[in-house]
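K.L.:
Position one of the sequence shown corresponds to residue 8 (my numbering), numbered consecutively onward. Every residue, glycine too, gets a C-beta built ideally from N, C-alpha and C.
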Amino acid sequence: MQFIDQARIKLRAGKGGDGIVAFRREKYVPAGGPSGGDGGNGGHVVLEADANLQTLLDFKFKRLFVAADGKRGGPNRCTGSSGKDLVIKVPCGTEIRDLNTGIVLGDLIDNGQRLFVAFGGRGGLGNAHYLSNRNRAPEKFTEGKEGEEWFLQLELKLLAEVGIIGLPNAGKSTLIAVLSSARPKIADYPFTTLVPNLGVVRRPTGDGTLFADIPGLISGAAQGAGLGHDFLRHIVRTKLLVHLLDAGAVDPVKDMLSVEKELSLYGQGLMDHPRLLVINKKELLEDRAIKELVQSLEKVSSHKVLVISAAMGNGLSELLDQVWEELGI
Ligand SMILES: Nc1nc2c(ncn2[C@@H]2O[C@H](COP(=O)(O)OP(=O)(O)OP(=O)(O)O)[C@@H](O)[C@H]2O)c(=O)[nH]1
Ligand SMILES: [Mg+2]
């Protein structure tokens, strides 16, 4: 499935129905008076979060959404029916901005949460409203108002609680694959992962916690190098970052610092996220060298350091224990 996390759409609410001019004409009721009914209101356009959707793919092909117009008023003071509201489903975690000003109009997080964006035009008034002592047979009516029109920017920010980050090839996808039932592509070349992978990891309580594995970050990512920057938005909402380091790399400490630098350049509070530094591929180094690496990392960073081998399944339960502790579970 294609992963689309940004979209631009146009919404148009329904126009209000016009009021009409009509007069009551009945036997035995001479000069029955004005009886033109009001127009119905135009339908609103509403966005609704839907937990069954994972991407904004639907909006790649359909970009214009128009709610139904209100109907004209009828004779005998009948009000026209209102246009039906148009409900557009978006994935949970979609942020909605006005395209022109960039102002955030809303953020749909919980399943079923709604945001009324474009309001339908009010229906016009029929001539029955304009009866007065001066004018017993008014010909006046008003037209329905146009519905609101909005250009929106939709941006999906995944709602994973734990984000796995690191340089390309650190073993991020391998880790999510051993912890959850996610089956991302794994290979020994950088940038295997092109879009975020989500996996549900079972907590001791039996509930699931969503982990996200995002494409590798490289130096310059915050300025657009590689793929990582585009996907950093998906870890903005995580509660914990698992920063994975490759024990087999030339200088894992330098690697760690370069990814940290990208986080700080990206901003959005990413540096304030709690995180764990996790050395992966431990079997590639002697025990003594691993110990030294842990010490060097602890010297330059205040974050907790753990050691695992995702491929061999070593240290995973200690890692998860630490994750649950950080999350307060
Ligand atoms: N020796 C060893 N190799 C590992 C371990 N974990 C992952 N690998 C290997 O490292 C390579 C990269 O693994 P991936 O999981 O694709 O790495 P990634 O971080 O998702 O990489 P990108 O998606 O490119 O950013 C693969 O060849 C894995 O088999 C480990 O614990 N030990
Ligand atoms: Mg990967």
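What do you reckon, are the CB atoms on His250 and Val285 nearer than 8 Å?
P.N.:
Along the sequence shown, read from residue 1 onward, the residue named residue 250 stands at position 243. Along the sequence shown, read from residue 1 onward, the residue named residue 285 stands at position 278. Yes, Cβ-Cβ distance for His250 and Val285 is below 8 Å.
K.L.:
When DSSP builds the beta bridges, which residues end up paired with Trp331?
P.N.:
Stepping through the sequence shown from its first residue, residue 331 is reached at position 324. DSSP lists no partner for Trp331.
K.L.:
Around the Cβ of Met263, are there at least 16 other Cβ atoms within 10 angstroms (buried) or fewer (exposed)?
P.N.:
For the purposes of this step, residue 263 is taken as the residue at position 256 of the sequence shown. When all chains shown are included, Met263 counts as buried.
K.L.:
Ignore the nearest five residues each way along the sequence and tell me which others in Thr199's own chain have a CB closer than 6 Å to its CB.
P.N.:
For this step, residue 199 is matched to residue 192 along the sequence shown. Here the set comprises Lys192.
K.L.:
Please look up how many angstroms separate the CB atoms of Ala167 and Thr245, rounded, as I've assumed it's under 8 Å.
P.N.:
For this step, residue 167 is matched to residue 160 along the sequence shown. For this step, residue 245 is matched to residue 238 along the sequence shown. Indeed they touch by this definition, with Cβ atoms about 6 Å apart.
K.L.:
Identify every residue that forms a DSSP beta bridge with Gly320.
P.N.:
Position 313 of the sequence shown holds residue 320. Bridge partners of Gly320: none, in fact.
K.L.:
According to DSSP, is Lys311 helix, strand or coil?
P.N.:
Mapped onto the sequence shown, residue 311 falls at position 304. Residue state, collapsed to three classes: strand.
K.L.:
Beta-carbon separation of Val94 and Arg19 under 8 Å?
P.N.:
Translated into positions along the sequence shown, residue 94 becomes position 87. Translated into positions along the sequence shown, residue 19 becomes position 12. Not a contact, by the Cβ cut-off of 8 Å.
K.L.:
Check whether the Cβ atoms of Gly46 and Gly127 lie closer than 8 Å to each other.
P.N.:
By 1-based counting over the sequence shown, the position of residue 46 is 39. By 1-based counting over the sequence shown, the position of residue 127 is 120. Contact flag unset, no.
K.L.:
Please go through the region 190-218 and give each complete beta strand (DSSP E) segment of 3 or more residues, from N-terminal end onward.
P.N.:
Entirely contained in the region 190-218, the beta strand (DSSP E) runs reaching 3 residues are, in chain order, 204-209.
K.L.:
So, with DSSP's three-state summary, where would you put Pro41?
P.N.:
Indexing the sequence shown from 1 puts residue 41 at position 34. Note: Pro41 maps to strand in three-state DSSP.
K.L.:
In the DSSP assignment, find the unbroken beta strand (DSSP E) run with Phe72 in it and report its ends.
P.N.:
On the sequence shown, position 65 is the one that residue 72 refers to. Where Phe72 is concerned, the enclosing beta strand (DSSP E) stretches over 71-73.
K.L.:
Quick check: does the Cβ of Pro191 come within less than 7 Å of any heavy atom belonging to ligand 2?
P.N.:
For the purposes of this step, residue 191 is taken as the residue at position 184 of the sequence shown. Pro191: yes, Cβ under 7 Å from ligand 2.
K.L.:
For the region 159-179 against the region 96-105, do three or more pairs of beta-carbon atoms, one drawn from each stretch, fall closer than 8 Å, so that the two count as touching?
P.N.:
Verdict: yes, contact present.
K.L.:
Considering only residues of the same chain and omitting the five flanking positions on each side of Lys147, which have a CB-CB separation below 7 Å?
P.N.:
Residue mapping note: residue 147 aligns to position 140 of the sequence shown, counting from 1. Excluding residues within five positions, the ones whose Cβ falls inside 7 Å are Asn134, Tyr137.
K.L.:
How many angstroms separate the CA atom of Glu269 from the CA atom of Leu334?
P.N.:
For this step, residue 269 is matched to residue 262 along the sequence shown. For this step, residue 334 is matched to residue 327 along the sequence shown. Near 24 Å, if we compare the C-alpha coordinates of Leu334 and Glu269.
K.L.:
On the three-state DSSP scale, how would you describe His250?
P.N.:
Stepping through the sequence shown from its first residue, residue 250 is reached at position 243. His250: strand per DSSP, three-state reduction.
K.L.:
Quick check: the Cα distance between Leu71 and Gly154, rounded to an integer number of angstroms?
P.N.:
As a first step, residue 71 is located in the sequence shown; it is residue number 64 there, counting from the start. As a first step, residue 154 is located in the sequence shown; it is residue number 147 there, counting from the start. Between Leu71 and Gly154, the C-alpha separation is close to 14 Å.
K.L.:
May I ask whether a heavy atom of ligand 2 can be found less than 7 Å away from the beta carbon of Ser180?
P.N.:
Position 173 of the sequence shown, counted from the start, is the residue given in the question as residue 180. Flag set: Cβ of Ser180 near ligand 2.
K.L.:
Decide if Tyr273 is buried, meaning its Cβ has at least 16 other Cβ atoms within 10 Å, or exposed.
P.N.:
Indexing the sequence shown from 1 puts residue 273 at position 266. Buried, because 16 or more other Cβ atoms sit within 10 Å of the Cβ of Tyr273.
K.L.:
On a Cα-Cα basis, can you pick out the residue from Leu283, Gly21, Leu115, Tyr35 that is closest to Glu332?
P.N.:
For the purposes of this step, residue 332 is identified with residue 325 of the sequence shown, where counting begins at 1. The candidate whose alpha carbon is nearest that of Glu332 is Leu283.
K.L.:
Flag this pair as yes or no: are the beta carbons of Gly170 and Leu248 separated by less than 8 Å?
P.N.:
Translated into positions along the sequence shown, residue 170 becomes position 163. Translated into positions along the sequence shown, residue 248 becomes position 241. The answer is yes: Cβ separation under 8 Å.
K.L.:
Looking only at C-alpha atoms, which of Phe218, Arg295, Asp214 sits nearest to Ile183?
P.N.:
Walking along the sequence shown from the start, residue 183 turns up at place 176. The shortest C-alpha separation from Ile183 is found at Phe218.
K.L.:
Check whether the Cβ atoms of Gly43 and Pro82 lie closer than 8 Å to each other.
P.N.:
Taking the first residue of the sequence shown as 1, we reach residue 43 at position 36. Taking the first residue of the sequence shown as 1, we reach residue 82 at position 75. A contact, by the Cβ cut-off of 8 Å.
K.L.:
When you measure from the CB of Met263 to every non-hydrogen atom of ligand 1, does any distance come out below 7 Å?
P.N.:
For the purposes of this step, residue 263 is taken as the residue at position 256 of the sequence shown. No, the Cβ of Met263 stays beyond 7 Å of every heavy atom of ligand 1.
K.L.:
Should Ala177 and Asp253 be called a contact, given that it needs their Cβ atoms to be closer than 8 Å?
P.N.:
Here residue 177 corresponds to residue number 170 of the sequence shown, with the count starting at 1. Here residue 253 corresponds to residue number 246 of the sequence shown, with the count starting at 1. Cβ atoms of Ala177 and Asp253: closer than 8 Å.
K.L.:
Which class does Gln302 belong to by DSSP, given the choice of helix, strand or coil?
P.N.:
In the sequence shown, residue 302 corresponds to position 295, counting from 1. Gln302 falls in the helix class under three-state DSSP.
K.L.:
By Cβ distance, which residues of its chain are closer than 8 Å to Met8, with the 5 residues on each side in sequence left out?
P.N.:
Mapped onto the sequence shown, residue 8 falls at position 1. Residue placement at Met8 is poorly supported in this model, since its pLDDT is 48, which falls under 50; the coordinates still yield a value, given next. Gln61, Thr62, Leu64.
K.L.:
Taking only the alpha-carbon atoms, compute the straight-line gap between Tyr196 and Leu174 and give it to the nearest angstrom.
P.N.:
Translated into the one-based positions of the sequence shown, residue 196 becomes position 189. Translated into the one-based positions of the sequence shown, residue 174 becomes position 167. Taking the straight line from one Cα to the other gives about 11 Å.
K.L.:
Between the Cα of Val307 and those of Ser265, Gly119, Ser180, spot the shortest distance and give me the residue it belongs to.
P.N.:
Within the sequence shown, the letter at position 300 stands for residue 307. The residue with the shortest Cα to Cα distance from Val307 is Ser265.
K.L.:
Rounded to a whole number of angstroms, what is the C-alpha to C-alpha distance between Thr181 and Lys288?
P.N.:
Along the sequence shown, one-based indexing puts residue 181 at 174. Along the sequence shown, one-based indexing puts residue 288 at 281. Whole-angstrom Cα-Cα distance: 11 Å.
K.L.:
Among the candidates Val314, Asp279, Asp114, whose CA atom is the shortest distance from the CA of Glu293?
P.N.:
Position 286 of the sequence shown, counted from the first residue, corresponds to residue 293. The residue with the shortest Cα to Cα distance from Glu293 is Val314.
K.L.:
What three-state label does DSSP hand Asn287 in the structure shown?
P.N.:
Your numbering for residue 287 matches position 280 in the sequence shown. If DSSP states are grouped into helix, strand and coil, Asn287 belongs with the strands.
K.L.:
Nearest by alpha-carbon distance to Ala256: which of Val243, Leu291, Ser226 is it?
P.N.:
Walking along the sequence shown from the start, residue 256 turns up at place 249. With distances taken between Cα atoms, Ala256 lies closest to Leu291.
K.L.:
Quick one: is the Cβ of Asp195 within less than 7 Å of any heavy atom of ligand 2?
P.N.:
The residue labelled residue 195 in the question sits at position 188 within the sequence shown. No, Cβ of Asp195 sits at least 7 Å from all heavy atoms of ligand 2.
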